[in-house]
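J.: Have a look at this one before I ask anything.
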Amino acid sequence: MREAVSRRIMPTNDDNIAIASELKQLPNGDLYTGTFLGKVPHGNGQYLWSDGCMYKGEWQKGKASGKGKFSWPSGATYEGDFKEGRMDGYGTFIGADGDTYRGWWAKDMKHGFGEKLYANGDLYVGSWKWNLQEGEGRYVWGGNGNEYIGEWKKGVMCGKGVMIWGNGKRYEGDWDNGVIKGNGVFSWPDGRTCISSTSSGGGGGSWGESNLSKQDFGSGNGVGGGNGGGGILRRSSVTMNMRERNVNLPRICIWESDGEAGDITCDIVDNREAFVPRNEDDDDDDNDDDEESESSEGGDENGDFQKSSEVVETKKPGQVITKGHKNYDLVLSLQLGIRYSTQKHASVIRELRNLDFDPNEKFWTRFPPEGSKFTPPHQVLDFKWKDYCPMVFKKLRELFGIDPAEYMLAICGNDALRELSSPGKSGSNFYLTQDDRFIIKTLKKSEVKVLIRMLQSYYRHVGQYRSSLVTKFFGLHCVKMVGCQKTRFVVMGNMFYSRRVIHKRFDLKGSSYGRTTDKPGGEVDETTTFKDLDLNFVFQLRQSWFKELIRQIDIDCQFLEAENIMDYSLLIGVHFCNFSTNGEMNLSPSGKADAQDYCLCDAESPDMGQMMEEWKPPICSAANVPARAVHTTGNGSESTSTQGGYAILCLGIIDILQDYDISKRLEHAYKSLQVDPTSISAVDPKLYSKRFRDFISRIFKVDDG
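In structure tokens:
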């Protein structure tokens, strides 16, 4: 609010604290009407400057503080939070040309999570830092449908990100200073893919311009008219430095205005085709022959390359929820609610109090379709939204290192959630974010009660034991749509959120009754979850890792036993390793894996042995633990099969909200009449904990090799 800052009314030292309402005209022509504290505005009032600027709202000792609205003669407005005369907090800025920013501010600048809709139709949703895009964000070009989702730094694309062109072509990988640089994967709608590497030092292959047809990746339109607040434009474009190569790279430019609210927009300019950059270490003059050879081997007569047979698209589980899906309105409601809740509490900074854990610490908010003072308009039915213990879950997200902007972007962005089929018998629905980072699970009322009851001890446990394997909880909510029953759900971390492909997954309880997968052999794939009796591996770990893992599982089981919890599982995802000749793990970008990744690696690999010797990962929730996977026969004896080899394990303890209540006691009594009581899952928490730990000690062993 540059124009308004110089007009702040400073407080005086008058000792008169009586508050009175009056109309006062200043000698310079400004006019104030409202309440005073002594001789300065305090309370509610309206200030009109002689040049036409106006502020109406709350004052504190001569400064605009609290809720208010500021308007400029140009027609631009800001409505929201003020602090000491500045735009600070949550608010909405509407520029004179129609640009709209809705989000967080600090000292008159966009700072925190926010959405900006530009007058030219572009849209940015994500994190800001001092008026520039910084952190996780999504930018959509309105003219052509091009879209970037990923990391930003100082207003340009930088870090990991995905560019999706309007024609369906896509790049996923590394960016630097607004251009493609590093490792990544290009893909086409017809299924063709190309792995690119431009990092220094070589490795991973590089592709020249001849590998792509000129029509493959078209950039966006030139800069439109969305330049914002009417001030003088200051261009901060990113220049390309590809060692004097005359290449056509897409350039991302940032335009910043000196006008109201420091307006910003960005675009791809010059209408040039993007290409996959070459390795920067390649010498242009010396590699002409190499380029010809590379083109002839990697492409067809027209310069296109054939689809790589080494790249395997991994199957993403679940059904994408789009309009027409039976749960579309429900999912849209929970996205609206989570966005509202996260933004509402993002600026609250204080320590937790005992009252925050109170079971009655829950808040209902109504979301009418037309919107309200606190909620946005939407296209679903009228619904009510409930937050359980919001400050506690805010602190848990902070404890687990979850950035609020990333959290909202993953769950509430324009990417649809995916609905997973329930792997268990609970009947719960599971929804997975497109980045695979978060899972939303519907809960029974009894499970909600258990989580709230144990929330304080859970908070202490995960705070004290940062290596805990128990599920990470990020939020607990409820949706009540008109004419529908309440739907309660919890937001959790995905145990299998990893760049590595999960080739096999197991849900292990330590019981045997009914503990096999019910899928026919022809339907088994990488997304199938196997159970105790399907397990045909023993996992051998180095002694130090084995001790740490067993110690942490013992601690977690003691916690669950003390909370009267049973029927939990150890979820294990197995990535069978394939290592390159330099001893580094071949991590596939974007969930893609070499076909060789599906084979177990050589157990005697010297490079692997060196890596195992030097790598000391922490044991944590969804821990990535190196292990030797050894096949076992039906009677449990170990096999020396040559297929045994190194693997990376993702593991954690899930389903920790089942109390040993009357229903489980009756289930235990009934099934005990039919089968061995020790083989069923529903047993006393103390017995369950002991049986679970005994089972763990049988499937994890010390690697003496």
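Just so it is clear: in the sequence shown, position 652 is 652 by full-length UniProt numbering, and no numbers are missing. Idealized CB from N, CA, C, for every residue including glycine.
#1: Which residues share a DSSP beta bridge with residue 319?
#2: Alpha carbon to alpha carbon, how far is residue 490 from residue 669? Give it in angstroms, no decimals.
#3: Quick check: the segment 366-373 against the segment 409-418, are there 3 or more CB pairs under 8 Å?
#4: Going by C-alpha distance, which of 556, 624, 566 is nearest residue 575?
#5: Consult DSSP for residue 412 and reduce its assignment to one of helix, strand or coil.
#6: Cα separation between residue 632 and residue 396?
#7: Just to confirm before moving on: does the CB-CB distance between residue 416 and residue 320 stay below 8 Å?
#8: Return the chain-ordered ranges of every beta strand (DSSP E) run that is complete within the segment 29-86 and spans a minimum of 3 residues.
#9: Tell me which same chain residues have a C-beta within less than 7 Å of the C-beta of residue 107, skipping the five on either side of it?
#10: Using a 10 Å radius around the Cβ and a threshold of 16 neighbouring Cβ atoms, would you call residue 708 buried or exposed?
#11: Go through its chain and collect everything with a Cβ distance to residue 695's Cβ below 6 Å, but skip five positions before and after it.
#12: CA-CA distance, residue 407 and residue 33?
#13: Looking only at its own chain, which residues have a Cβ that is under 8 Å from the Cβ of residue 67, when we skip the five neighbours before and after it?
#14: Please report the distance separating the alpha-carbon of residue 219 from that of residue 187.
#15: Could you check which residue in 691, 171, 379 has the C-alpha nearest to that of residue 185?
#16: Do residue 405 and residue 127 have their C-beta atoms closer together than 8 Å?
#17: Compute the distance between the beta-carbons of residue 533 and residue 689, then report whether it is under 8 Å.
#18: What is the DSSP secondary structure of residue 496, reduced to helix, strand or coil?
#19: Determine which residues share a DSSP beta bridge with residue 163 and list them.
#20: Residue 504 bridges to which residues according to DSSP?
#21: On the CB-based measure, 16 or more other CB atoms within 10 Å of its CB, does residue 356 come out buried or exposed?
#22: Alpha carbons only, please: which of 146, 472, 179, 528 is nearest the one belonging to residue 168?
#23: CB residue 102 to CB residue 115, shorter than 8 Å?
#24: Return the CA-CA distance between residue 571 and residue 180, expressed in angstroms with no decimal places.
#25: Check the C-beta distance from residue 432 over to residue 318 and give it rounded, since I have them as a contact under 8 Å.
#26: Taking the DSSP output, what are the residues bridged to residue 541?
#27: Leaving out five residues before and five after residue 697 in sequence, what residues of the same chain have Cβ atoms less than 6 Å from its Cβ?
#28: On the CB-based measure, 16 or more other CB atoms within 10 Å of its CB, does residue 353 come out buried or exposed?
#29: Hey, could you find the ends of the alpha helix (DSSP H) residue 26 is sitting in?
#30: Can you name the residues that DSSP bridges to residue 650?
T.: Looking at the atomic coordinates:
#1: 419
#2: 31 Å
#3: no
#4: 624
#5: helix
#6: 40 Å
#7: yes
#8: 31-37, 40-48, 54-60, 63-71, 77-83
#9: 86, 88
#10: With the chain represented from 1 up to 705, any question about residue 708 goes unanswered, as that position is not in the structure.
#11: 510
#12: 43 Å
#13: 57, 58, 80, 81, 82
#14: The predicted position of residue 219 is uncertain, since its pLDDT is 37 and thus under 50; a value taken from the coordinates is nonetheless stated next. The alpha-carbon atoms of residue 219 and residue 187 are separated by roughly 15 Å.
#15: 171
#16: yes
#17: no
#18: coil
#19: 148, 171
#20: 574
#21: buried
#22: 146
#23: yes
#24: 37 Å
#25: 6 Å
#26: 702
#27: none
#28: exposed
#29: Per DSSP, residue 26 belongs to no alpha helix (DSSP H) and is neither H nor E.
#30: 573, 624
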